[in-house]
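Top to bottom, those sequences are chains A and B.
Numbering-wise (our numbering), the first sequence opens with residue 764 and increments by one.
Numbering-wise (our numbering), the second sequence opens with residue -8 and increments by one.
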Amino acid sequence: GQQLNQSPQSMFIQEGEDVSMNCTSSSIFNTWLWYKQEPGEGPVLLIALYKAGELTSNGRLTAQFGITRKDSFLNISASIPSDVGIYFCAGQVGRAGTASKLTFGTGTRLQVTL
Amino acid sequence: NAGVMQNPRHLVRRRGQEARLRCSPMKGHSHVYWYRQLPEEGLKFMVYLQKENIIDESGMPKERFSAEFPKEGPSILRIQQVVRGDSAAYFCASSANRGYTGELFFGEGSRLTVL
Chain A
764 GQQLNQSPQS MFIQEGEDVS MNCTSSSIFN TWLWYKQEPG EGPVLLIALY
814 KAGELTSNGR LTAQFGITRK DSFLNISASI PSDVGIYFCA GQVGRAGTAS
864 KLTFGTGTRL QVTL
Chain B
-8 NAGVMQNPRH LVRRRGQEAR LRCSPMKGHS HVYWYRQLPE EGLKFMVYLQ
42 KENIIDESGM PKERFSAEFP KEGPSILRIQ QVVRGDSAAY FCASSANRGY
92 TGELFFGEGS RLTVL
C-alpha cells in the first residue's frame, strides 16, 4: 500500500531556530496536507497544497508540493515553544473536488527548548 | 463550537467486551472517516463513509470491526470481542459535501483501553 516516510523522526531545537522537515512517498499524490497534533488531541490542519510545485505560507509556516508529486516539505521559521508537537504530512490520491481518504506519514516530533 | 464531536473521550473495556465509539461530523458535512492511532505512531485509515453508505473500508480489519453512518444520528465504530491489541486512539474526521478541497477536520479522539 501507499506509504509516506517523514524525516527527521524527531527534532530538538532552540527557540528562535528555523525548522525543516520533509515527507516522501513511493507513489504520486494529488493533494498534500500538513497537520499538527498535540498530546491528547486530534490533528489540526496547518497547510493544504493542491498543485505540483506549489509553495504556500501560513504565518511562520511554509510548505511546498514537490514537482514529482511524491514529496513535500514543511518549514517553520523562528520557532516558539507552542510549536511543540507532532507534525504529520498526509497525501490524497483524489484531486480536489473528489472526497477520498488521506494517507498519513510517520510523523516528526518537534521539541523546542528555551 | 461546531467541530467534529467524538464520544466517549476515554473508554475502558475488558477483553471480550464490545466497544462503541460515536462521531458527529461538523455541521453540513456528510463524509466521515475513521482512523486508528497506536502510541508513538501515525494515523492509519480504517473506513470512509457517507450517509448510509460505506465508500472505502480497505483499512478495516476483516473481523470484529464494523462501522455505520445512518441517515439520522452519529457515525458509530463498533469493535466486538475486544482484545488488548485494540487499545489505541480512534479518530474521526469529516469533510465538506461540496467544493471538497482535501481537508479533513478531526475530532479529539476516543481512547480505548482494553484490560
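Virtual Cβ for every residue (Gly too), placed ideally from N, Cα, C.
Asked                                                                                                                                                                                           : Found
Evaluate the contact criterion for the region 61 to 80 of chain B versus the region 834 to 851 of chain A: three or more CB pairs, one atom per stretch, below 8 Å.                             : no
Considering M(-4) (chain B), what are the terminal residues of the beta strand (DSSP E) in which it resides?                                                                                    : -4 to -2
Give every residue of the same chain whose Cβ lies closer than 7 Å to the Cβ of G857 (chain A), excluding the five residues on either side of it in the sequence, and list them in chain order. : N793, S863
With 7 Å as the C-beta to C-beta threshold (strictly closer), list the residues of the region 29 to 46 of chain B near chain A in chain order.                                                  : G33, L34, F36, Y39
Using only the alpha-carbon positions, how far apart do G98 (chain B) and M17 (chain B) sit?                                                                                                    : 9 Å
What's the call for L106 (chain B), buried or exposed, on a 16-neighbour Cβ count within 10 Å?                                                                                                  : exposed
What span of residues does the beta strand (DSSP E) with D77 (chain B) cover, start to end?                                                                                                     : Counting along the chain, D77 (chain B) falls outside any beta strand (DSSP E), and DSSP gives it neither H nor E.
Are L808 (chain A) and E94 (chain B) close, meaning C-beta to C-beta below 9 Å?                                                                                                                 : yes
Rounded to whole angstroms, what is the Cα-Cα separation between R13 (chain B) and F82 (chain B)?                                                                                               : 10 Å
Say whether chain B places a C-beta atom closer than 9 Å to the C-beta of S863 (chain A).                                                                                                       : yes
Would you mind giving the Cβ-Cβ distance between Q28 (chain B) and A80 (chain B), rounded to the nearest angstrom? I have them listed as a contact below 8 Å.                                   : 5 Å
Can the beta-carbon of I839 (chain A) be found less than 9 Å from the beta-carbon of G816 (chain A)?                                                                                            : no
Am I right that S842 (chain A) and E801 (chain A) are in contact with their C-beta atoms under 8 Å? What's the rounded C-beta distance?                                                         : S842 (chain A) to E801 (chain A), Cβ: 15 Å. No contact.
For M784 (chain A) and P771 (chain A), I'd like the C-alpha separation in whole angstroms.                                                                                                      : 6 Å
Can you find the residues in the same chain that come closer than 6 Å, C-beta to C-beta, to Q777 (chain A), ignoring five residues on each side of it along the sequence?                       : T876
Between S85 (chain B) and V(-5) (chain B), which are expected to be in contact by the criterion C-beta below 8 Å, what is the C-beta distance as a whole number of angstroms?                   : 5 Å
Apart from the five residues just before and just after P(-1) (chain B), which ones in its own chain have a Cβ nearer than 7 Å to its Cβ?                                                       : S101
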